[in-house]
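Below is one structure; the comments refer to it alone.
Residue numbers (this note's numbering): 144 to 566.
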């Protein structure tokens, strides 16, 4: 029997992250140069003194599984410590996969029963924040709660994306709206739950519904003690392209509240030789680097301004990278200009090619709800030939080659796929 068991939900499809989530689970998307999004939840677990985590995977989990490994980078290894990967118990049909957050935990109920925890923490693996879960647990115990939910105010226009609580003077939740079209409050769920162990097991056995926010919480409110834990601090759901880019840019703003130097954030530095085999970063005497994060193994000969570079990025002489996120081993050649773009791993930008032309008001034609903020997203391993122009709100699919482009001047809002994918 253990005091606290963590169930970390990390199987989400990052559909709103567009092509960044095509080959990996959303929590495995790189962030801040050297990290992955899931590092925040795992580091919070470590820094809160918790010992055991079940990581529930589903969608394209390979890179996530390799990243977590045995849990050693987060000190989750030992006789009574660990990080256990829990893949879905799938059958032959898509319907056998997890149908929601509660269903994901229910399908792993034997994992919980074998450990008989006093409390169960349910966490999401795709949020950027720092929290001491021990304080959350203490709050839960002090309130003699059956269920406690981490909550914080969000902008009113964002309430449509969250579960919204109404509380009394004692922080007890008295009403709940799940992703309301017109909210009556802006106190939003962070996707962080603390359940008493036996209480959650009984809920999962007696309710066959699939989702915590939509089904389990409203049912619990009718007869049980459900409280809101007020959180103050930096927290961001990076489930959209703009939110992901904004969070990366927050790293460059000393007033944002996002400070990795003081958060005790850890990652798997040995994974795939991402850092351990890298040479020192080289910044030439004639280069210009301002207010940017530069990771190990980068070679900078041009200009990097207000940007985040992952390990191994090459910026040639005369090239400019401005307000962009450039991931591992991408290469920006001489005279190229990359502005407000997100480049996945191993992207190649040819000489004198310009990313970021045209009007930002023209949303992506295929996915206007996913990309309308003026950014450009380029998939893993895509090649952009020399002397091209790529308009804002464009999506360039992974693996593009020079023969996949029909024209050199791509207007804003376009989506370019490899030709063999369309055949």
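By construction, the Cβ of each residue, glycine as well, lies at the ideal position given by its N, Cα and C atoms.
Cα-Cα separation between residue 442 and residue 474, rounded to whole angstroms: Within the chain shown, numbered from 1, the residue matching residue 442 stands at position 299. Within the chain shown, numbered from 1, the residue matching residue 474 stands at position 331. Taking the straight line from one Cα to the other gives about 10 angstroms.
Same chain, Cβ closer than 8 angstroms to residue 236, five either side skipped, listed in chain order: As a working note, residue 236 is residue 93 in the chain shown. Caution is warranted here: a pLDDT of 48 is assigned to residue 236, below 50, making its placement in the model unreliable, and no coordinate value can be reported.
Cα-Cα separation between residue 459 and residue 494, rounded to whole angstroms: Working through the chain shown from its first residue, we reach residue 459 at position 316. Working through the chain shown from its first residue, we reach residue 494 at position 351. Computed Cα separation, rounded: 9 angstroms.
Continuous beta strand (DSSP E) assignments of at least 3 residues falling wholly in the segment 215-303: 225-229, 262-267, 270-272, 290-296
Nonlocal neighbours in the same chain, by C-beta distance under 6 angstroms from residue 502, ignoring five residues either side: As a first step, residue 502 must be located in the chain shown, where it is residue number 359. The answer, listed in chain order, is 555.
When 521, 553, 547, 514 are compared against residue 386, the one with the closest alpha-carbon: As a working note, residue 386 is residue 243 in the chain shown. It is 514 whose Cα lies nearest to the Cα of residue 386.
Between the CA atoms of residue 453 and residue 438 - distance to the nearest angstrom: The residue you call residue 438 lines up with position 295 of the chain shown. The residue you call residue 453 lines up with position 310 of the chain shown. Going from the Cα of residue 438 to the Cα of residue 453 covers about 5 angstroms.
Proximity below 9 angstroms, CB of residue 212 to CB of residue 185: The residue labelled residue 212 in the question sits at position 69 within the chain shown. The residue labelled residue 185 in the question sits at position 42 within the chain shown. Their beta carbons are not under 9 angstroms apart, which means residue 212 does not touch residue 185 by this criterion.
Reduced DSSP secondary structure (H/G/I, E/B, other) of residue 470: Residue 470 sits at position 327 when you count from the first residue of the chain shown. Looking at residue 470 - three-state DSSP - the assignment turns out to be coil, as it is neither helix nor strand.
The beta strand (DSSP E) enclosing residue 433, as first and last residue numbers: Position 290 of the chain shown holds residue 433. Looking at the DSSP string, the run of the beta strand (DSSP E) that includes residue 433 is 431-433.
Beta-carbon gap between residue 364 and residue 316 smaller than 9 angstroms: Taking the first residue of the chain shown as 1, we reach residue 364 at position 221. Taking the first residue of the chain shown as 1, we reach residue 316 at position 173. Yes, they are a contact pair.
As assigned by DSSP and simplified to three states, the class of residue 555: Sequence index remark: in the chain shown, residue 555 carries index 412 (1-based). In the structure shown, residue 555 sits in coil (DSSP, three-state: anything other than H, G, I, E or B).
Separation of residue 174 from residue 433, as counted between CA atoms: By one-based count along the chain shown, residue 433 stands at place 290. By one-based count along the chain shown, residue 174 stands at place 31. The straight-line gap from Cα to Cα measures roughly 19 angstroms.
Neighbourhood of residue 456 by C-beta distance below 6 angstroms, restricted to the same chain and skipping five residues each side: Here residue 456 is taken as the residue at index 313 of the chain shown, counted from 1. 441, 469, 473, listed in sequence order.
Reduced DSSP secondary structure (H/G/I, E/B, other) of residue 308: Mapped onto the chain shown, residue 308 falls at position 165. Of the three classes helix, strand and coil, the one that applies to residue 308 here is strand, per DSSP.
Which residues DSSP lists as bridging residue 545, in chain order: Taking the first residue of the chain shown as 1, we reach residue 545 at position 402. According to DSSP, residue 545 bridges with nothing at all.
Secondary structure of residue 371, DSSP reduced to three states: Here residue 371 refers to the residue found at position 228 of the chain shown. Note: residue 371 maps to strand in three-state DSSP.
Exposure of residue 234, with buried meaning 16 or more beta-carbon neighbours within 10 Å: Along the chain shown, read from residue 1 onward, the residue named residue 234 stands at position 91. At residue 234 the pLDDT is 49, less than 50, meaning the model places this residue with poor confidence and gives no usable figure here.
Start and end residues, alpha helix (DSSP H) containing residue 408: Here the question's residue 408 lines up with position 265 in the chain shown. First-last for residue 408: undefined, no H or E at that position.
Contact the segment 180-200 vs the segment 273-286: 3+ CB pairs below 8 angstroms: yes
Local conformation of residue 413 per DSSP, three classes: Numbered from its first residue, the chain shown carries residue 413 at position 270. Coil.
Continuous beta strand (DSSP E) stretch holding residue 313: start and end: Along the chain shown, one-based indexing puts residue 313 at 170. Taken as a continuous stretch (DSSP letters only), residue 313 belongs to no beta strand (DSSP E), as it is neither H nor E.
Neighbourhood of residue 551 by C-beta, 8 angstroms cutoff - its chain only, sequence neighbours within 5 removed: For the purposes of this step, residue 551 is taken as the residue at position 408 of the chain shown. Closer than 8 angstroms at the Cβ level, and outside the excluded window around residue 551, lie 528, 530, 531, 532.
DSSP three-state assignment for residue 395, whether helix, strand or coil: Here residue 395 corresponds to residue number 252 of the chain shown, with the count starting at 1. If DSSP states are grouped into helix, strand and coil, residue 395 belongs with coil.
Helix, strand or coil at residue 576 according to DSSP, with G and I counted as helix: The structure shown has nothing for residue 576, since the chain only spans 144 to 566.
Same chain, Cβ closer than 8 angstroms to residue 166, neighbours up to 5 away in sequence not counted: Mapped onto the chain shown, residue 166 falls at position 23. Closer than 8 angstroms at the Cβ level, and outside the excluded window around residue 166, lie 203, 206, 523, 541.
Beta strand (DSSP E) segments (min. 3 residues) lying fully within the segment 461-545: 463-465, 480-482, 484-486, 497-500, 519-521, 532-534
C-alpha gap between residue 193 and residue 505, whole angstroms: Numbered from its first residue, the chain shown carries residue 193 at position 50. Numbered from its first residue, the chain shown carries residue 505 at position 362. Approximately 47 angstroms, taken between the alpha carbons.
Pairwise C-alpha distance: residue 231 and residue 262: Translated into the one-based positions of the chain shown, residue 262 becomes position 119. Translated into the one-based positions of the chain shown, residue 231 becomes position 88. Using only the alpha carbons, I get a separation of about 23 angstroms.
Strand pairing of residue 457, partner residues [DSSP]: Counted from its first residue, the chain shown places residue 457 at position 314. Note: residue 457 sits in a beta bridge opposite 442, 474.
Short Cβ contact (9 angstroms threshold) for residue 545 with residue 520: By one-based count along the chain shown, residue 545 stands at place 402. By one-based count along the chain shown, residue 520 stands at place 377. Contact: no.
Best match in 188, 476, 243, 146 for proximity to residue 218 [C-alpha to C-alpha]: Indexing the chain shown from 1 puts residue 218 at position 75. Taking only the C-alpha atoms, the option nearest residue 218 is 188.
Under the three-state DSSP convention, the category residue 363 falls into: Numbered from its first residue, the chain shown carries residue 363 at position 220. Reduced to three states, the DSSP call for residue 363 is helix.
C-alpha gap between residue 309 and residue 258, whole angstroms: Residue numbering aside, residue 309 sits at position 166 when the chain shown is read from its first letter. Residue numbering aside, residue 258 sits at position 115 when the chain shown is read from its first letter. So the two alpha carbons sit approximately 34 angstroms from each other.
Integer Cβ distance of residue 151 from residue 199, believed to fall under 8 angstroms: Taking the chain shown and counting its residues from 1, one reaches residue 151 at position 8. Taking the chain shown and counting its residues from 1, one reaches residue 199 at position 56. About 7 angstroms; that satisfies the 8 angstroms criterion.
Cβ contact (3+ pairs, closer than 8 angstroms) linking the segment 344-363 and the segment 371-387: no
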